[in-house]
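Notes to accompany the following structure.
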Amino acid sequence: MMDSPRREDEGRLGPPVPVAAQFSVVPASVVTARMFWHARDVSRQATLTTLDLLIALNAIEDGDWQRFFMQAAPPPDAAAFLSSKESAVAPRELWVELDVPFRVTEAVGKAFRYGEWAALHESGADSADAELRVSPCALLYGLLSVDGCDALNHLCGISGMSPARLRGVLGGLAFDGALPELSDRPPPVGGWPSRGESEYGPPWDVSVVECLAAALPDGGAVSTLRFMSVIARDRPELWSAQASTGYRLTPPDVHAEREGGWGTRVFRPERRRESFLVTSAMYGALLLGRDLAYFRGDASVTAAHVLYGVLDEPENDGFRWLARPAGAAGPRQILADQVFRAALPPRGLVKASPAARRRRDVVADVAVPAVAVLAAVGSVLAALWRLLVVAALVVVVWVVYDRLDSVVNPPPTAEALTADLPVIRAEVGDEDGARPATFVGRLSGFGRLPAGSRAFAPDLGHRFVFATQSPDQAVNRSPTTLTYRGKPYPAVLHCPAALSQYRLCLAEAALPKVDMPARFGWVPWSLTSGPGQPTSSPALVLIPGPHGAAVGKASASLSGMTSTGLPGLTVRASGGASPLPASPIVAPAEGLALRLLGVTAGKDPEAATATGAGRLPVVPAAELYTYLSGLADTHVRAPTGRADAGLVMAPDLPADSGRPGVHVTKVAVGRAADLAGVLPGDRVTRWDGEKVTEPDQVHRAVDRSAPGASATVELRRGSRTLRVIVRLGYVMASETGDRDAG
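Its first residue numbered 1, the sequence shown is counted upward by one per residue in the UniProt record's numbering.
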């Protein structure tokens, strides 16, 4: 089971409302971090308390604190339920690890701060020490120093000792009797000192330039996904640690690549001649990598520093494609342990570094005469006038070009189609299982264009679609490789149910515009020269055969209206054969330009040209338009969706008759109810104050809400009544599943 690292960044019991963040100045030791993980796994509530940490401490065997529990008092059993006075206070996010924050009470945050001071006392350091760590003993001393916290109240009540006596017992065991002086202020020194002392930032290493050059696409910008793909392919010293843990690059559920819409920047490394066009997300990762190198005092900015910057932003394409194995450490934690081999600062502690090159001198302000101001304004107005003239000329040229398009690029003849067949073929899959594929259309991805129009900048965002025979075990969406003109390109294979009966799939890949045949600039609606003016023109028909899909020649003409009220298209096979059944033509989605007229389901590719071949069933182009329109939406427009709580409920059994609320049978892992702490077996009694007596009430309440809205839910868990806040999630409108899930 693979999970997105971003999902864990939010926490399994993620906060329903924004909370304050507290970063550790002294990093936690490995054992202390394991305590927090164990406490989060066994906690009965969304916010960790000092009592949860005390239980987790007892679960980790070690002589020092086991002797303390023997002399003082044992912690409570993990299965025991004890009320907490801490959870009513506003929680906070405590960053004790690199990638994952823990949602804790204010008392836990104060105890960890005390533990940082105890760690300084324990090490005897009076200056910055990069190896300082908060040990479990130091954290336990912090728990004993927060007056009125759950852990201290429990130990005092069981042992009969005062807080000072308990601290004295621990001090004699772990601190040689010398009790540390504690404070709830951040320590002045700790494990995250900035070592950057130079007036200028570090220079760029050649590894960064090589990776950017390898990731630079033809006519495009370097994205975080392309940079990580080069790291995974060419830099085993950086990627082997992630790969051995189980990380891999795989497309997310929606929006495979979306950085292209965020804008681009020109990146020019200081002291080097090269320059690169990068996305805004990649530009931010480069700057953060330089900040990290300056923070650590490294001699140069390497590809490893830039990889840290990519992994810092969960919304960029590189991070979204990084699938995380269940139970694995965070990607930046692996980078710290196995590549840098030292602790790296968590998010929010790295400060901006100065530029690598010398700063320019600041020119002092001088008085500007009024004549000079007028001259400058005149120059600006003249430049604006020239810009308007150029823009008007561009518009005129584009209009003329669009009007002449049908004359310059007429539909191809049968001879032209035959001549171009070799250049529109490709292969899909690896070398052992490659299958032939045929070019059928492209997704323009250029804004919202009227149906039938053509983009005046066709090089922007084109993704090309090839039809191929379905593999034996086809899934709706999977990564693959498309080999075109001898070059492999990363592609996504779509095998929708609408095409399964014809054993066809569609491979979508970004290809260089210059490699596509010019003769295929025509579109299906060029068959008509206006309403009510039917014409006849050659048609491109895809024929799936026993050895893969083939392109057949046919003639097509409009033949009046069909029963659906749309124009009917009659396709006649070459050689004078009988006409094929009429299929309706529909206007494709805005921004979509396809060349496919129809798909025949005949098994014999030669039957279309045989004399007297009879009728062949045709897949209407409308079916392909419907599917590919949705495919284009993932590149052009945001998908629609509905709110989701991730709950599955069932009517009461006879044994439960008369009990209040409805029974929760299943909680979807990682969704809204799971994040709020709802468990299978709970009973939902109220939803936003409304009494719940049947599952449909919850379904209707969720459907009325928008994704991201919060709902107050009252639960019955055994004999206890709980109230949790459920922050509704988001699912695609087309996503199928059990409707009982609210």
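For every residue, glycine included, the Cβ atom is placed at its ideal position computed from N, Cα and C.
| query | result |
| --- | --- |
| Per-residue DSSP class, three states only, for lysine 110 | helix |
| Separation of alanine 645 from histidine 699, as counted between CA atoms | 9 Å |
| Contact between the stretch 137 to 145 and the stretch 165 to 174 (3+ Cβ pairs under 8 Å) | yes |
| When Val26, Gly284, Leu48, Gly677 are compared against phenylalanine 36, the one with the closest alpha-carbon | Leu48 |
| Beta-bridge partners of valine 206, as assigned by DSSP | BP columns for valine 206 are empty, so no partner. |
| Integer-rounded CB distance, given that valine 146 should sit under 8 Å from alanine 111 | 5 Å |
| Cβ neighbours of serine 84 in the same chain (closer than 7 Å, five flanking residues each side left out) | Thr49, Leu51, Asp150 |
| Span separating the alpha-carbon of alanine 509 from that of arginine 485 | 14 Å |
| Length of the line joining the Cα atoms of threonine 685 and valine 667 | 16 Å |
| For leucine 144, the nearest candidate out of Pro163, Leu132, Ser159 (CA to CA) | Pro163 |
| 8 Å Cβ cutoff met for threonine 224 and glycine 318 | yes |
| Segments of 3+ residues assigned as beta strand (DSSP E) that fall wholly inside the stretch 666 to 690 | 683 to 687 |
| Delimiting residues of the beta strand (DSSP E) encompassing residue 762 | Missing from the structure shown is residue 762; the chain here goes from 1 to 742 and no further. |
| Selection from Ser207, Ala281, Thr279, Arg332 that minimises the alpha carbon distance to tyrosine 247 | Arg332 |
| Cα-Cα separation, alanine 676 to leucine 212 | 42 Å |
| Contact set for valine 514: own chain, Cβ-Cβ below 7 Å, skip 5 residues either direction | Low local confidence applies: a pLDDT of 48 at valine 514 is under 50, so the model's placement there is unreliable, with the coordinate-based value given in what follows. Correct list: empty, nothing qualifies. |
| Sheet register partners of proline 729 (DSSP bridge) | Looking at the sequence provided, one finds glycine at residue 729 rather than proline. Glycine 729 is bridged to Asp644. |
| Leucine 132 in three-state terms, based on DSSP | coil |
| Cβ pair leucine 286, glycine 309 closer than 8 Å | yes |
| C-alpha distance - proline 236 paired with proline 251, whole-angstrom precision | 21 Å |
| Spatially closest choice to proline 490 from Ala221, Asn476, Gly429, Val702, by CA coordinates | Gly429 |
| Uninterrupted alpha helix (DSSP H) stretches inside the stretch 226 to 302 (no shorter than 4 residues) | 236 to 245, 280 to 296 |
| Cysteine 211 in three-state terms, based on DSSP | helix |
| Reduced DSSP category for threonine 480 - H, G, I as helix; E, B as strand; rest coil | strand |
| Touch test, the stretch 200 to 215 against the stretch 292 to 309, Cβ-Cβ under 8 Å, three pairs minimum | yes |
| Unbroken alpha helix (DSSP H) run spanning phenylalanine 36, endpoints | 30 to 42 |
| Same chain, Cβ closer than 6 Å to alanine 352, five either side skipped, listed in chain order | Asp291 |
| Other residues of its chain near glutamine 22: CB distance less than 6 Å, five sequence neighbours each side excluded | Arg92, Leu94, Gly109 |
| Euclidean distance between Cα positions of glutamate 313 and methionine 70 | 46 Å |
| For proline 376, the three-state DSSP class (helix, strand or coil) | Reading off the sequence shown, one finds alanine at residue 376, where the question assumed proline. It is helical. |
| Alpha carbon of proline 180 to alpha carbon of alanine 28, nearest angstrom | 18 Å |
| Candidates His154, Pro101, Ser24, Arg34: closest to proline 74 by CA position | His154 |
| Residue-level contact to chain C via CB, phenylalanine 464, 8 Å cutoff | Checking the listed chains, one finds no chain C in this structure; it contains a single protein chain. |
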